[in-house]
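In my numbering, the protein residues as written are 72 to 289.
The beta carbon of each residue, even a glycine, is placed where N, CA and C say it ideally should be.
Note that the structure is a prediction, hence the values are computed from the model and not measured.
For reference, the structure discussed in these notes is given below.
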Amino acid sequence: MKLDGLEVFQELVIKVSIDLSSAREKILSKVSAPWSNMIEEEREIRGAAIDDEDVIVFSREPFDNVDESSLILWQDGNSYRVANIVPKNVGDLGIKKYNLILRDFYEKVIYPLVKEEGFNVTISSKTQSLDDWLDESTANSLSLFLRMANKYTGASHPLDEQRWYEFLINAHKSSASLDAEQLSRWLIEVDSWPDEIARELAINYEFARGLLKTYDEK
Numbered sequence: 072m073k074l075d076g077l078e079v080f081q082e083l084v085i086k087v088s089i090d091l092s093s094a095r096e097k098i099l100s101k102v103s104a105p106w107s108n109m110i111e112e113e114r115e116i117r118g119a120a121i122d123d124e125d126v127i128v129f130s131r132e133p134f135d136n137v138d139e140s141s142l143i144l145w146q147d148g149n150s151y152r153v154a155n156i157v158p159k160n161v162g163d164l165g166i167k168k169y170n171l172i173l174r175d176f177y178e179k180v181i182y183p184l185v186k187e188e189g190f191n192v193t194i195s196s197k198t199q200s201l202d203d204w205l206d207e208s209t210a211n212s213l214s215l216f217l218r219m220a221n222k223y224t225g226a227s228h229p230l231d232e233q234r235w236y237e238f239l240i241n242a243h244k245s246s247a248s249l250d251a252e253q254l255s256r257w258l259i260e261v262d263s264w265p266d267e268i269a270r271e272l273a274i275n276y277e278f279a280r281g282l283l284k285t286y287d288e289k
């Protein structure tokens with residue numbers, strides 16, 4: 072089944088319009104098992120920090136084959152944001168398990184704050200599509216290339232090459248936020264291109280964006 076978008080790391084931001092120390096107290100007041108506040112870890116992080124921004128560290132008990140993990144909530148101006156989620160016993164959570172922990176934290180700890188005065192909470196989507204990275208013209212030019220090109224030869228055919236160049240130019244002109252990794256993942260995971268061809272196109276895309284940017288700066 073063809074996917075509609077890529078699964079990406081979600082972001083959680085808590086904007087506060089009250090005193091930050093009061094906001095911190097309210098956040099911690101919502102913490103209960105299976106979540107807990109890791110006070111010693113907070114002290115260690117603050118001790119190594121360059122500035123005096125606040126940090127709150129939480130621990131989540133293991134669940135559903137997800138390792139015990141630490142979630143770091145970092146002050147960013149008048150907001151707190153989830154800066155990272157780190158597993159205790161494995162090297163990497165991966166996108167799916169990272170998002171599971173983030174949403175669990177949102178539902179069990181942060182959601183009760185949503186209706187309280189002084190808190191504005193946003194959680195990003197777990198999927199993104201071409202429309203999140205490209206304007207309409209650029210997305211259309213990439214979609215045309217993907218529909219017409221041979222997935223096993225990439226942009227080697229002259230007509231496919233021309234359509235590919237059109238996409239590259241549009242991406243440059245619009246300062247598209249799409250990066251090479253996102254393009255490679257989209258080709259492989261959503262559009263079912265062979266890994267090798269997808270990575271070649273992603274490398275070509277990254278090179279072309281850099282070249283065109285450098286040319287404009289001359």
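Between Leu-258 and Lys-222, the alpha-carbon positions lie close to 9 Å from each other.
The beta carbon of Lys-167 lies closer than 8 Å to those of Glu-78 in the same chain, with the five residues before and after it left out.
Following the DSSP letters along the chain, one finds Trp-145 in no alpha helix (DSSP H) but inside the beta strand (DSSP E) bounded by residues 140-147. Annotated three-state conformation of Ser-130 is strand, per DSSP.
With contacts defined by Cβ atoms closer than 7 Å, Ser-245 and Asp-206 form a contacting pair. According to the DSSP assignment, Lys-244 belongs to the alpha helix (DSSP H) that extends over 229-244. In the displayed model, Leu-164 falls within coil according to three-state DSSP, outside both helix and strand. Using a 10 angstroms sphere on the CB of Arg-234, the tally of other CB atoms reaches 16 or more, which defines it as buried. Taking a contact as a CB-CB distance under 8 Å, the pair Gly-225 and Glu-271 counts as one, their CB atoms being some 6 Å apart. Just so you know, the alpha carbons of Ala-273 and Arg-117 end up roughly 39 Å apart. A check of alpha carbon separations from Glu-115 across Val-128, Ser-88, Gln-253 identifies Val-128 as the nearest. Rounded to the nearest angstrom, the gap between the Cα atoms of Thr-209 and Glu-267 is 24 Å.
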